Every structure is written in C-alpha cells, then in structure tokens.
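Undergrad: If you scroll down you'll find the structure; I have some questions about it.
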Amino acid sequence: MHKVLPSVLIIIFYTVVNAQDTTGVKIPSQDAIYTRPFILKVNNLSTSIGGYFEGNSNYFSEDGVSEGLSFELRRFNIFLYSSLGPGIKFLSELEFEHGTEEIALETALLDFQFSPQFALRAGIILVPLGMFNQNHDSPRWDIIDRPLVSTQIIPSTLSEVGFGVYGRFTLIRYLSLTYSGYLTNGLGDGVILNAEGKTFVPSGKRKEAFEEDNNGLPAYSGRIALQHSLGELGLSFYHCVYNSFRVEGIEVDEKRSLSITAIDFSANFFDFTLQGEAAYSMIEVPDNLSEIFDDKQWGTFFDIIYPVYKGSVLLFDEAILNSIVRFEYVDFNMGRFNVTGQNVKDDVTALVLGLSFRPVPNTVIKANYRRHWTVDAIGNPTIHTAGFQFGFASYF
Amino acid sequence: MKIMKLYLQNSIFRLILTLLSSFILSIIIISCEEFLPTAPESSEILNEPIEGLTPSQLAAHLQGDEQFGKIFGVEDGLGPIFVNTSCENCHVADGKGHPFIQLTRFGKMNLDGTFDPMTEYGGAQLQQRSIAGYPPEEIPAEATGKSILMPPSVTGLGLIEAVPDELILSYADPDDLNGDGISGVPNYVDPPDYFQPKPGFHISNNGKYIGRFGRKAGAITILQQVTQAYLQDIGITSDFLPEDLYNYIIGSGTGDKVSDPELSASVVKSVEFYIKTLKAPPRRNENDADVIGGENIFKKQINCSGCHIPTLVSGPSDIEALNKKDFHPYTDMLMHDMGSQLDDYYTEGSAKTSEWRTTPLWGLGLGGTSQGGKSFFLHDGRAKTIEEAIIYHGGEASNSRNNYYNLSQADKQKLLKFLESL
Chain A
1 MHKVLPSVLI IIFYTVVNAQ DTTGVKIPSQ DAIYTRPFIL KVNNLSTSIG
51 GYFEGNSNYF SEDGVSEGLS FELRRFNIFL YSSLGPGIKF LSELEFEHGT
101 EEIALETALL DFQFSPQFAL RAGIILVPLG MFNQNHDSPR WDIIDRPLVS
151 TQIIPSTLSE VGFGVYGRFT LIRYLSLTYS GYLTNGLGDG VILNAEGKTF
201 VPSGKRKEAF EEDNNGLPAY SGRIALQHSL GELGLSFYHC VYNSFRVEGI
251 EVDEKRSLSI TAIDFSANFF DFTLQGEAAY SMIEVPDNLS EIFDDKQWGT
301 FFDIIYPVYK GSVLLFDEAI LNSIVRFEYV DFNMGRFNVT GQNVKDDVTA
351 LVLGLSFRPV PNTVIKANYR RHWTVDAIGN PTIHTAGFQF GFASYF
Chain B
1001 MKIMKLYLQN SIFRLILTLL SSFILSIIII SCEEFLPTAP ESSEILNEPI
1051 EGLTPSQLAA HLQGDEQFGK IFGVEDGLGP IFVNTSCENC HVADGKGHPF
1101 IQLTRFGKMN LDGTFDPMTE YGGAQLQQRS IAGYPPEEIP AEATGKSILM
1151 PPSVTGLGLI EAVPDELILS YADPDDLNGD GISGVPNYVD PPDYFQPKPG
1201 FHISNNGKYI GRFGRKAGAI TILQQVTQAY LQDIGITSDF LPEDLYNYII
1251 GSGTGDKVSD PELSASVVKS VEFYIKTLKA PPRRNENDAD VIGGENIFKK
1301 QINCSGCHIP TLVSGPSDIE ALNKKDFHPY TDMLMHDMGS QLDDYYTEGS
1351 AKTSEWRTTP LWGLGLGGTS QGGKSFFLHD GRAKTIEEAI IYHGGEASNS
1401 RNNYYNLSQA DKQKLLKFLE SL
C-alpha cells in the first residue's frame, strides 16, 4: 500500500497539471453529444437548435420472398442546446421515428461542468454502454442500419433518467482518459417473456421509465476509455435488477438482474478507419424458462472504412467517397438443450458492403448491400436474407 | 511508417488500391452465389398453401400465417403457465417439433379401468413453464401414466379433416375379421361445446365423435385442436375457451393480468383456416426405381399399408382445393395397439393406453428440416432413424415389423428410401 500510494499521487498530480492539454487526442465518444455541428458552429450564442434526419430505400429478399421496393423515413431528430452559464449546459433531443409513429424524448440533460475532470449530469441521459449508444447520430455512420450488437444486445438507443458524473484526464501527452458513471431507472420485466420469444434486452425498455423505477433499485452503468491520436479504446458495463420483484412494497418474486459488459474501439491507421464493439450479457432467468429464454448472449461488429476518393466533386470542394465493410454476429442463446445436449443456435451473422459519399462532412449519401445468415434456435436450414439499401442522413 | 504513408498518399497507389479493394469486394459478393437469395425448392419445404386457392382465400391464408407466427409475451396474456410462446415455435416451418419442446400429458388409471385425466390437478397437459413469479406445474405423485409428445407437423391437415367419418369407419376392423393381425378402431371423444357436426359427414356414437387430430386422436376438428393448443400450450384464452389456466397448487383466480378472452373467435378461426389450407407434404424422388421398389415392399410384401393406408379421399368441402380430392397421407386415422414398448400408460377418449393413432407418414423425409438437421421419430422422438422407429413397432404392427426383419439388406434399403421420399 505504501508503495502504491506515492505512485497514485504522482499520477493524480501529473493528471491535474496536464488537465487541459488534450492536443492531438481523439475526441472521446462520451463528448459526442457536444461535438454536433449545430453546437460547434454557434457556441457563442446561448441557445441553438439543430438536428438530423435520415431516410432510405429498402429492397430485401428472404429465401426468395421479396416485398419489393419501399422507402423509409427513419428519423427526424431535433436538438436543443443552451449554455446557461459558465460550465452549465442544457441539451435535449426529441426523436420522431418513422414520421410520427414513435415520438420519444431521447435526451434532456443538464450538465454542471466544474472542471474538465469532473462534471455532474442529470436528466434523461444516454447510458454509457459501448461506443455506439452515446454516438449514434446517423450522419456520423456510413452504413444505413445500426449494428446488430448495438441495438439487440446493447439496446441502443438506451436513454434513462438519472444522474451521474463524468470527466476527462490527460494522463500523458497524446493520451487521455475519460470516465463516466450513472445511476438511472433501469430496464424492466420485458427482457424475458416478451413478444420476441427470447431473451431480448431491448424489450426491457419501459414506457414509465422516465417516471419511476419498476423495483426501486436503480441501474448503474459506467465507462472508462483511453484516447490517443490513433483512436479510442473503451470498456463499459451496465447492471440492473430488471424484474418487478416488489409490488406495493410486497415482494412477489425473486430479484433477477442483468449485466452487460462491452468493449469498444475506434482507430485510424493511415487512411483506414477501424471501429467496432463487442458486448456480452448475463441475465438471470427463472429455471423453468431456460432453453427458450437463455441467460447468456453476446455479439460484435467490426467496420473497416477506407476513403477511395477525397477531393473536389462539382460544387463540393472536400467531398469524400468511402468504401465500407462491416461484419456482424449476434448469438441470442449460448445455452444447450437439456434433452439432446445440442447447442442452441439462435444467431445471426451479417456482412455489409457499402459506399458512402460525403459532399460535406455532415451530410452523407449511403449505398449498402446487406446479407444476413439467420439460424433459428433448433439449427434448421439457414434463412438467407439479402438486399440493397440507398439512403441519406444529414445534420442541420 | 512515413514512407508507407507517402505511398498511400500517392494517387496512383490509391487507384490501384481502390481497384484491388473493388475486386476483392466483387469476389466476396460473387462467392455468395447470388446477390439476392433464391427460394428453396417447393419439394423441400412444408409451409406453402395448397394449390387452387382463390386470391381471397390466399389472403385469408396469409392472415392466418401471421397469427400462427405471433409470439405471445406477458403483455399479450401468455400463461400464467404454458409450454411455448407461439404456434410457430412448436411447429417450426409447419413441420415436426424438436424434442426439447416436450408436450407432457399425464393421468391416472382407476381401478375400474377408466382413465382419469386429472383435470383437478392440472391435467391432462403439464405446463412446465410459467410467467415470472408464478410456479410452473409439476406432475402430481398420484399420476400413473405420462406421455411426452413431440409436436407433429401441421401440413395437409385440411385434407385429413375433410375425410368423412364413413370412410374412416370403413377401415375399422376391431375384431380382426380379415385375420391380418390388425384391429384398428376409431377413437370416440367427447365433442367441445362449440363443435357443430356436419350432417352426413360426422357420425355420432352416443354423443361422441371420431377424433382424428393429435397422437391419440383426441381432437375432432382443426378448430378444436387450435383452440386447445392456444390454451394448453400457450396459456391463451379465446372466445371458445375463455377461462385461464392456473396452477392447482396456487388455486384459481391467479392467472395473468390480461382480461379474458385474450383472443377473439375470428383470430382462432384465422389460424384454423391457415392450417386447413396448408399444402400436403410434397414427395421427392417418387420416380426413382428404388423408391418404387420400396413402395411395393411397403404395400405388398410386408403390409405396412394395412394401417398406413396410402390414399384417402376427401368429402365435400366449401374450399374447392379440398373438395373430393385423392391424397396420400399413409394413415387410416384409426387407433392401433402398438405394444408394450410404446405404452406410456396415458390415453385420451376411448383409446387404450397402448393404442396410438396411425401417424400419417407424409412428410417423413422432411422431418430433419424442422428438427435442426437431425431426425427424431415416434411420438416422443426416441427413435433417431426410420429403421429404429420400425423396430419400436409392436402389438398390431408386429407382423409387419417381423416381415421387415426378414427382408434382404437391399430390400430394406429400398423400403427406407421410399419412406424418405414421403
């Protein structure tokens, strides 16, 4: 202990001394909500409005059956930002999904920034689980569909009401560390026994989640990440008791928890951008529901992006044409059948090949070829799904 | 590193890299055989409508298909006790189920020889799963018989339902008057309140009717089968059976929080129509010489067709595609004593515990496509091969089984090839 303490003090001292020096370090994912263009360009004003919208076409075929060509307006999101004083900021995001089919307040938070190393945040926040959940604006991504692991194992967009702290330290030159930790109203009973017929964490989102917790035990989540000029590496977790084990103060069930651990990275080598995340979840499930509702899931995605052209195109001086390859895999059930001893399958493998054209940095036109190989729980012949998507996304 | 970066910034190098990456992407795409997946051969799948449906009948079929695939969660009324969460989860792609599903039925044989399905103890079907905070059922210690059933395929059932009782009765031979060792009998069961017998089609026997669906032929119509499956398998009440299940240990009034009935009659009938209009399982390789040879052995040499009657004829139906059609299910729809090895000491209706309804053999060769690439035969999946299933045949099927033993190896292979073609 005596040997460790001086080292810790030296690190803290060094950190504080270098606190402001983040030159050459990648912008952290946790700052993504404040690096949106509408804020960056008008940050001298006290209040600004912005947003993004995205739409696309779909043409898919599943085992030879196609529903033809259709168009989809996925999202129209409005941001409202206000600087209320030194270090006090308000940010909100109202999302209209598929027109007015689903309207949700995705973010509404107040930040009290005491120093770069320490800030308090309260309100409806984006849970810091993985990289994508906090940095999911479509204009920032070159593929139309969101990663499977980031939406089906990590239930992005996961925004919950609560409070916590976050901050950023510079460890050494070109290397910084960010941290965040929150207490929030957690996910609910729908994680199991839902309309998906399998353990499905996104179904645990509750309509009343912004009003009260379902069991009085808040979820806790946190992420630490290292940033370097080469990229970012993050480790995050989320834990909650998800079931309503207590009703009107009376315990009616056992407590059942879920934990999700995620690792994420993004890196730039020469002109290549590599990014991805992997998540592993453990969910406590009643014994009699095993096999159908498993207690372990995992998934991952990995993107390789390469700019095949950078330069002037017609009116656009700094246009970029990117080529993208994404590999994805999600296993919804890592268990075995009790009767036969066989592995339960229930997995999806996906490959996406794409091109994206950015006439300006905050607007992107995307073309994707997506192919899925889906195997049901029993392991029946693979269901082949493939199709083409063309879309756009832009900040405004 | 700097040299490499300079190279990458070189436009010629960029062009080469672009062309190379495009080439690699093309190879990846082409290696996927095609950009868009093609449909599997119709002869390899079960989940298609019967030919000859009108456009409006096809629309109704698709509507039922959607309901058949609907997964029930707690919010939809699942449970409180159940076996599975949707029709499709048991009958994957309309085929046979996997052994892990396990529809378990139990009951007690009384001293007077009558069978008690132990309904006051949650019988006859066990619901081994439950919603959170609610205890699943367990088989009471008093039960003397337990049968574990794999979900059967649901294809071609519309044709089977359209077979008049008179035709089924014509195959019955309870006293084995023809001396072939086979004494098939119909299973007479009590009809549910909502059953409406069709004049000239259903024949009453003291208020009971011939059951034809289920391993023990416990259900008279597809509607009855669907209604019971919603309640007994998924815990979903309907206009036909509006009272929720409950664990008898906990007591009634402890069901789920969703108002009953949880399904309207129209939804149940939609699923009934879907099942009724599924095509008969398709044949494959039926013109192969070995398959034809195997069929002759099946019919003429070892008399499997004494019970597995190849061709039936449907009666009049308001669906033209089912109206007065010859079809080939390989069943007589009767109950037969299958011997002690297959006696689970459980039964339904008037059948003895060792009696089973002749399982239609159509679709036999496609079992693996809905059972995860492996095949599981007989009511509980205990047989892993067709030959093993034949060996389990006893009782009235003993003669045919013994005849099979006496076949040459080549003839056995022909027979198995024929069965796999069904």
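In the order they appear, the protein sequences are chains A and B. In this text, residue positions in the first sequence follow the working numbering: the first is 1, and each later residue adds one. In this text, residue positions in the second sequence follow the working numbering: the first is 1001, and each later residue adds one. Every residue, glycine too, gets a C-beta built ideally from N, C-alpha and C. Since we're looking at a predicted model, the values are computed, not measured.
Could you list which residues in chain A have their beta carbon closer than 7 Å to that of B:SER1400, in chain order?
TA: In the second sequence, counting from the first residue as 1, residue 1400 of chain B sits at position 400. What B:SER1400 touches in chain A: nothing, since even the nearest Cβ is about 29 Å away.
Undergrad: Determine, using beta carbons only, whether A:PHE301 comes closer than 8 Å to chain B.
TA: As a first step, residue 301 of chain A must be located in the first sequence, where it is residue number 301. No, A:PHE301 lies away from the interface with chain B (no Cβ there is under 8 Å from its Cβ).
Undergrad: Counting Cβ pairs, one atom from each stretch, are 3 or more of them under 8 Å apart for the segment 218-231 of chain A and the segment 169-189 of chain A?
TA: Yes: the two stretches touch, three or more of their Cβ pairs being nearer than 8 Å.
Undergrad: Hey, would you say A:SER236 sits closer than 8 Å to A:GLY130, going by beta carbons?
TA: Position 236 of the first sequence, counted from the first residue, corresponds to residue 236 of chain A. Position 130 of the first sequence, counted from the first residue, corresponds to residue 130 of chain A. Yes; because the gap between Cβ atoms is below 8 Å, this pair is in contact.
Undergrad: Would you identify the three-state DSSP class for A:ALA386, choosing helix, strand or coil?
TA: Indexing the first sequence from 1 puts residue 386 of chain A at position 386. Three-state DSSP puts A:ALA386 in a strand.
Undergrad: Quick one: does B:PHE1106 have its CB under 8 Å from some CB of chain A?
TA: The residue you call residue 1106 of chain B lines up with position 106 of the second sequence. Closer than 8 Å: no.
Undergrad: Taking the alpha-carbon positions, what's the A:ILE172 to A:SER229 distance?
TA: The sequence position of residue 172 of chain A within the first sequence is 172, counting from 1. The sequence position of residue 229 of chain A within the first sequence is 229, counting from 1. Each residue's Cα considered, the two are about 12 Å apart.
Undergrad: Helix, strand or coil for A:ARG370? Go by DSSP, reduced to three states.
TA: Here residue 370 of chain A corresponds to residue number 370 of the first sequence, with the count starting at 1. Here A:ARG370 sits in strand by DSSP.
Undergrad: Would you mind telling me which residues of chain B sit closer than 9 Å to A:TYR346, beta carbon to beta carbon, in chain order?
TA: Numbered from its first residue, the first sequence carries residue 346 of chain A at position 346. The amino acid at residue 346 of chain A is misidentified as Tyr; the sequence shows Asp. Within 9 Å Cβ-Cβ: nothing; A:ASP346 doesn't reach chain B, min ~11 Å.
Undergrad: Counting Cβ pairs closer than 8 Å, one from the segment 242-260 of chain A and one from the segment 269-278 of chain A, do we hit at least three?
TA: The segment 242-260 of chain A is not in contact with the segment 269-278 of chain A.
Undergrad: On a Cα-Cα basis, can you pick out the residue from A:TRP298, A:ILE304, A:ASN268 and A:SER259 that is closest to A:GLU284?
TA: Residue 284 of chain A sits at position 284 when you count from the first residue of the first sequence. Minimum Cα distance to A:GLU284 is reached at A:SER259.
Undergrad: First and last residue of the beta strand (DSSP E) that includes A:LYS198?
TA: The residue labelled residue 198 of chain A in the question sits at position 198 within the first sequence. Neither: A:LYS198 is in no beta strand (DSSP E) and is coded neither H nor E.
Undergrad: Would you identify the three-state DSSP class for B:CYS1090, choosing helix, strand or coil?
TA: Residue numbering aside, residue 1090 of chain B sits at position 90 when the second sequence is read from its first letter. Residue state, collapsed to three classes: helix.
Undergrad: Under DSSP, the beta strand (DSSP E) around A:PRO307 begins and ends at which residues?
TA: Here residue 307 of chain A refers to the residue found at position 307 when the first sequence is read from its first residue. Counting along the chain, the beta strand (DSSP E) containing A:PRO307 begins and ends at 296-313.
Undergrad: Determine the DSSP secondary structure at B:TYR1248, reduced to helix, strand or coil.
TA: The residue you call residue 1248 of chain B lines up with position 248 of the second sequence. Three-state result, B:TYR1248: coil.
Undergrad: Identify the continuous alpha helix (DSSP H) that holds B:GLU1295 and give its terminal residues.
TA: Start at 1 with the first residue of the second sequence, and residue 1295 of chain B comes out as number 295. Per DSSP, B:GLU1295 belongs to the alpha helix (DSSP H) from 1289-1296.
Undergrad: Sorted by chain position, which residues of the same chain lie with C-beta nearer than 7 Å to B:PRO1174's C-beta, five sequence neighbours on each side aside?
TA: For the purposes of this step, residue 1174 of chain B is identified with residue 174 of the second sequence, where counting begins at 1. So the qualifying residues of the chain are SER1183 and VAL1185.
Undergrad: Determine whether the Cβ of B:LEU1078 lies closer than 8 Å to any Cβ atom of chain A.
TA: Counted from its first residue, the second sequence places residue 1078 of chain B at position 78. For B:LEU1078, the answer is yes, since a Cβ of chain A falls inside 8 Å of its Cβ.
Undergrad: Classify A:VAL161 as buried or exposed, calling it buried when 16 or more other Cβ atoms lie within 10 Å of its own Cβ.
TA: Start at 1 with the first residue of the first sequence, and residue 161 of chain A comes out as number 161. Buried, by the Cβ-count rule.
Undergrad: What does the alpha-carbon distance come out to for the pair B:LYS1417 and B:LYS1384?
TA: Sequence index remark: in the second sequence, residue 1417 of chain B carries index 417 (1-based). Sequence index remark: in the second sequence, residue 1384 of chain B carries index 384 (1-based). Going by the C-alpha atoms only, they are around 16 Å apart.
Undergrad: I need the straight-line Cα distance from A:ILE153 to A:PRO361, nearest angstrom please.
TA: To locate residue 153 of chain A, count along the first sequence from 1; it is residue 153. To locate residue 361 of chain A, count along the first sequence from 1; it is residue 361. Taking the straight line joining both Cα atoms gives about 30 Å.
Undergrad: By a C-beta neighbour count over all protein chains shown, 10 Å radius and 16 as the cutoff for buried, is B:LYS1324 buried or exposed?
TA: Stepping through the second sequence from its first residue, residue 1324 of chain B is reached at position 324. B:LYS1324 should be labelled exposed.
Undergrad: I want to see whether chain B comes within less than 8 Å of A:GLN342, judged by CB atoms only; does it?
TA: For this step, residue 342 of chain A is matched to residue 342 along the first sequence. By this cut-off, A:GLN342 is an interface position.
Undergrad: Can you tell me the Cα-Cα spacing of A:GLN134 and B:ILE1319, whole angstroms?
TA: In the first sequence, counting from the first residue as 1, residue 134 of chain A sits at position 134. In the second sequence, counting from the first residue as 1, residue 1319 of chain B sits at position 319. Cα to Cα, A:GLN134 sits roughly 56 Å from B:ILE1319.
Undergrad: Check B:ASN1205 in the structure and name its three-state DSSP category.
TA: As a working mapping, residue 1205 of chain B is identified with position 205 in the second sequence. Here B:ASN1205 sits in strand by DSSP.
Undergrad: Along the chain, which unbroken stretches of the beta strand (DSSP E) at least 3 residues long are found entirely within the segment 1294-1354 of chain B?
TA: The qualifying runs are 1335-1337.
Undergrad: For my contact list, B:ALA1280 and B:GLY1373 are in at a C-beta cut-off of 8 Å; report their separation, rounded to the angstrom.
TA: The residue labelled residue 1280 of chain B in the question sits at position 280 within the second sequence. The residue labelled residue 1373 of chain B in the question sits at position 373 within the second sequence. Not a contact, Cβ separation roughly 23 Å.
Undergrad: From the DSSP output, which residues share a beta bridge with B:SER1147?
TA: Within the second sequence, residue 1147 of chain B is the residue found at index 147, counting from 1. DSSP, once it has assigned bridges, lists B:ARG1105 as partnering B:SER1147.
Undergrad: What did DSSP end up calling A:HIS239 once you bin it into helix, strand or coil?
TA: To locate residue 239 of chain A, count along the first sequence from 1; it is residue 239. A:HIS239: strand per DSSP, three-state reduction.
Undergrad: Shorter than 8 Å from the beta carbon of A:TYR14 to some beta carbon of chain B?
TA: Here residue 14 of chain A is taken as the residue at index 14 of the first sequence, counted from 1. Note on A:TYR14: pLDDT 46, under 50, position unreliable in the model; the coordinate value appears next. Output row for A:TYR14: interface = no.
Undergrad: Can you pull the chain A residues whose beta carbon is under 9 Å from the beta carbon of B:THR1155, in chain order?
TA: Counted from its first residue, the second sequence places residue 1155 of chain B at position 155. Chain A residues near B:THR1155: none, gap ~15 Å exceeds 9 Å.
Undergrad: Rounded to a whole number of angstroms, what is the C-alpha to C-alpha distance between B:ASN1205 and B:TRP1356?
TA: The residue given as residue 1205 of chain B occupies position 205 in the second sequence. The residue given as residue 1356 of chain B occupies position 356 in the second sequence. So the alpha carbons of these two residues sit roughly 20 Å apart.
Undergrad: Could you check the C-alpha separation between B:ALA1060 and B:GLU1066 for me, to the nearest Å?
TA: Against the second sequence, residue 1060 of chain B aligns to sequence position 60. Against the second sequence, residue 1066 of chain B aligns to sequence position 66. Rounded to whole angstroms, B:ALA1060 to B:GLU1066 spans 10 Å at the Cα level.
Undergrad: If contacts are defined as beta-carbon pairs under 8 Å, then B:VAL1074 and B:ASP1233 qualify, I think. What distance do you get, rounded to the angstrom?
TA: Here the question's residue 1074 of chain B lines up with position 74 in the second sequence. Here the question's residue 1233 of chain B lines up with position 233 in the second sequence. About 16 Å; that fails the 8 Å criterion.
Undergrad: Looking at the C-beta of B:ILE1071, does it have a partner C-beta in chain A at a distance below 8 Å?
TA: The sequence position of residue 1071 of chain B within the second sequence is 71, counting from 1. At least one chain A Cβ lies under 8 Å of B:ILE1071.
Undergrad: Can you tell me whether B:TYR1007 is buried or exposed? The criterion is at least 16 other CB atoms within 10 Å of its CB, across all chains shown.
TA: Taking the first residue of the second sequence as position 1, residue 1007 of chain B is located at position 7. Any answer about B:TYR1007 is weak, because its pLDDT of 49 lies below 50 and its placement is not dependable; what the coordinates show is given next. The residue in question, B:TYR1007, is exposed, as its Cβ has fewer than 16 Cβ neighbours within 10 Å.
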